[in-house]
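Enquirer: Going by our numbering, the final residue of the sequence shown carries number 340, and the count climbs one at a time with no gaps. We treat Cβ as the ideally placed atom computed from N, Cα and C, and that holds for glycine.
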Amino acid sequence: MALREQPALWHQVPLPVGDGAALAQALRPVMQTQRVPLDEARALGFWSDEHPEDNPPCDAQDQVEIPAWRHALINYPHPLLKRGLVVLDTPGLNAIGAEPELTLALLPSAHAALFLLAADTGVSRSDLAVWRDHLGDRGIERFVVLNKIDTLADPLLDSAQVAEQVRQQCDQAARTLGVPASRVHALSARQALTARLQGDAASLASSGLPGLEEALVHQLLPPRSLVLGRLVAAGALALQQLARSRLLDQQRQLADQLAELQGLRGKSAGRLQLVAQRLVAESSDFERCAPRLAALRQVLNRQIESVLQGLAAEGVRQAVHQWREAAQAGVLMRGAPRA
2 MALREQPALW HQVPLPVGDG AALAQALRPV MQTQRVPLDE ARALGFWSDE HPEDNPPCDA
62 QDQVEIPAWR HALINYPHPL LKRGLVVLDT PGLNAIGAEP ELTLALLPSA HAALFLLAAD
122 TGVSRSDLAV WRDHLGDRGI ERFVVLNKID TLADPLLDSA QVAEQVRQQC DQAARTLGVP
182 ASRVHALSAR QALTARLQGD AASLASSGLP GLEEALVHQL LPPRSLVLGR LVAAGALALQ
242 QLARSRLLDQ QRQLADQLAE LQGLRGKSAG RLQLVAQRLV AESSDFERCA PRLAALRQVL
302 NRQIESVLQG LAAEGVRQAV HQWREAAQAG VLMRGAPRA
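1) Looking at I75 and A114, is the spacing between their C-beta atoms short of 7 Å?
2) Unbroken beta strand (DSSP E) runs of length 3 or more, entirely within the region 184–233: which are they?
3) Going by the CB atoms, is the gap between V87 and I67 shorter than 7 Å?
4) May I have the straight-line CA-CA distance separating G21 from L210, to the nearest angstrom?
5) By DSSP's criteria, E51 is part of a beta bridge. Which residues make up the other side?
6) Identify which residue in Q35, T34, L16 has its Cα closest to the Cα of Q26.
7) Going by DSSP in three states, A330 sits in which element: helix, strand or coil?
8) For the region 167–179 and the region 124–131, state whether three or more C-beta atom pairs, one from each stretch, are separated by less than 8 Å.
9) Short of 7 Å in beta carbon distance, which residues of its chain neighbour A119, apart from the five on each side in sequence? Order them along the chain.
10) At the level of alpha carbons, what is the spacing between C59 and L221?
11) Have a look at L198, A154, E215 and flag the residue whose alpha-carbon is nearest the alpha-carbon of S183.
12) Compute the beta-carbon to beta-carbon distance between L280 and Q258, rounded to the nearest angstrom, for a pair I have assumed lies under 8 Å.
13) Using the Cα positions of L294 and V300, report the straight-line distance between them to the nearest angstrom.
14) Can you list, in chain order, the residues of its chain whose CB lies under 8 Å from that of Q173, leaving out five sequence neighbours each side?
15) Mind checking whether D63 and L39 have CB atoms under 7 Å apart?
16) Under the rule that 16 or more other beta-carbon atoms within 10 Å means buried, what is S1, buried or exposed?
17) Given that a residue counts as buried once 16 or more other Cβ atoms are within 10 Å of its Cβ, and exposed if not, what is A193?
18) How would you write the range of the beta strand (DSSP E) that P68 sits in, first residue to last?
19) Going by DSSP, what residue range makes up the alpha helix (DSSP H) through A27?
20) Using beta-carbon positions only, say whether A196 and L205 come within less than 7 Å of one another.
21) Can you give me the start and stop residues for the alpha helix (DSSP H) that R36 sits inside?
22) I'd like the span of the alpha helix (DSSP H) that includes H135, first residue to last.
23) For a test of the three-state rule: what should DSSP assign to P15, helix, strand or coil?
24) Who are the Cβ neighbours of F144 in its own chain at under 6 Å, not counting the five residues just before and after it?
25) With distance defined between alpha-carbon atoms, name the residue in R245, L89, L213, L243 nearest to A190.
26) Classify R245: buried if its beta carbon has 16 or more other beta carbons within 10 angstroms, exposed otherwise.
27) Alpha carbon to alpha carbon, how far is L248 from F287?
28) Inspect the beta-carbon positions of P57 and V65 and report whether they are closer than 7 Å.
29) Once DSSP output is grouped into helix, strand and coil, what is the label at L115?
30) So, at 6 Å on beta carbons, what are the nonlocal neighbours of G336 in its own chain, with the 5 sequence-adjacent residues on each side left out?
31) Within the continuous beta strand (DSSP E) that includes V163, where are the two ends?
32) Under 7 Å Cβ to Cβ from L240, same chain only, skipping five residues before and after it: list those, please.
Right, here's the structure in full:
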């Protein structure tokens, strides 16, 4: 059983969503770290001898600093989350050697990816390599976020000049990564957080975060039914191909048997008896496979019905309501040495 599936290893922290300062204090443990011996860090997957460039610094006592928490589940009543959006914050792809399973294992199952870059540096060579190696598949929706636009502020430039500089960075990132300019969003997460805590609508609007939220609402959430439809279609196609392959194999075997029977004309009765016994055995094998194929078809039909029921608006609202009732607190799992 995976460690995150063991309730005893999780620690629950209530989230006071109505108090910004208390909320920040409750989320502070997520950033906690601990120092452990090098062997322990290697056993936990935070040290790789094959990729030393990704390893954390090692001090004179042969200890390294690692996160104190391995997983965090944060249940927050955000409008996008209420509509069914699930956000997975993975480790940076530049640190794949330390946490490969937490990052690369999630990419194939994700419906979209937000590629976070720094606005002051743009797309670096390592960023471009990560994009080409892991996010080049056009089967996944991709959004590029240029964070820290507040660092581009210059007292010698007016607001229009700064805005033009940000626009140029967005255009350059879009050309480099080969995505539409509408998929590149410049924002300041620090400014947006401060504006939310202080209730400053003007500062929040200028932070650029509302534009990203709007894009997620209109470009990501509506195609959910299409994504699920593609999954169902892929399953049906796989089942169809399996059935077709089985039938073609059976057809080839029957043709070979017919040719063999035609060649046995005038042969001994003993030879004919051996062929008949083999035909009976192969027929029995085929009869045993037929129920399996029917069972697979029934499983697929049940999955299709389940997906269609889940896509119903009332069903989605009930599921979200039940989830909100059940999840009222943030949950953290301790990154103990056994993890």
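Expert: So, to answer that:
1) no
2) 185–187
3) no
4) 18 Å
5) DSSP output for E51 lists no bridge partner at all.
6) L16
7) Low local confidence applies: a pLDDT of 43 at A330 is under 50, so the model's placement there is unreliable, with the coordinate-based value given in what follows. Looking at A330 - three-state DSSP - the assignment turns out to be strand.
8) yes
9) N148, K149
10) 42 Å
11) E215
12) 6 Å
13) 10 Å
14) G123, V124
15) yes
16) The shown model of the chain, from 2 to 340, leaves out residue 1, and the question about it has no answer.
17) buried
18) 64–68
19) 21–28
20) yes
21) Premise fails: R36 lies in the beta strand (DSSP E), 34–38, not in any alpha helix (DSSP H).
22) 126–135
23) strand
24) L115, R184
25) L213
26) exposed
27) 10 Å
28) yes
29) strand
30) At G336, the pLDDT of 41 sits below 50, so the modelled position is not reliable; the number obtained from the coordinates is stated separately. Counting only Cβ-Cβ distances below 6 Å, and skipping sequence neighbours, we find P68, A69, W70, R71.
31) Careful: V163 lies outside any beta strand (DSSP E), inside the alpha helix (DSSP H) at 160–178.
32) L297, R298, L301
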